[in-house]
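Residue numbers (this note's numbering): 23 to 209.
Working notes for the structure below.
Below is the structure:
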């Protein structure tokens, strides 16, 4: 219903438009709302058959979600909690490291661009604490970071924003089998 969204609609729309070479701008603002103009370049694209993705539910995982954007943290945590995972959230890399020293997590999902320490550095430090922890990097610059290159930096999977919840679920399912953290030293 009205007022029950994620709060990410405009940001997602702008990101999608920009990735496809389009623009989005405010045309008119009224007391009861705003009107936006979306302009997309005309392309003759081949139709790609969409096949449904079948995702089996992995067993419950302990997952740490790190993002400085409240709406992203809330949506990701809500989906993962609904899927019966134990979820903790952090607003910064520093807060995440504090949680990592107090708790054991199977998977850490971090945004790349955050104030202070970035996602790359956070995931590297998480790997120092728990070499077997599965790592996911969320980024609005996903087209610049493919998973093959990211793996060389200690990141298991790159999840480009905006992403569908089925992509998040598939990422967790893919990583669940290998994610059994064993800390090298007790904090």
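Glycine included, C-beta positions come from ideal geometry on N, C-alpha and C.
query                                                                                                          : result
Neighbourhood of residue 59 by C-beta, 6 Å cutoff - its chain only, sequence neighbours within 5 removed       : 47 and 49
Segment contact, 8 Å Cβ cut-off, at least three pairs: the stretch 134 to 154 with the stretch 102 to 111      : no
Simplified DSSP assignment, three categories, for residue 194                                                  : helix
Beta-carbon spacing of residue 90, residue 126 below 7 Å                                                       : no
Where residue 83 falls, given that 16 or more other Cβ within 10 Å makes a residue buried                      : buried
Classification of residue 120 by the beta-carbon crowding that lies within 10 angstroms, buried from 16 upward : exposed
Whole-Å CB distance - residue 6 paired with residue 144, under 8 Å assumed                                     : With the chain running from 23 to 209 in the structure shown, residue 6 is simply not present.
Per DSSP, cross-strand counterpart(s) of residue 97                                                            : Residue 97 is not bridged to any residue.
Same chain, Cβ closer than 7 Å to residue 147, neighbours up to 5 away in sequence not counted                 : 119
Sub-7 Å separation of residue 193 and residue 158 beta-carbons                                                 : yes
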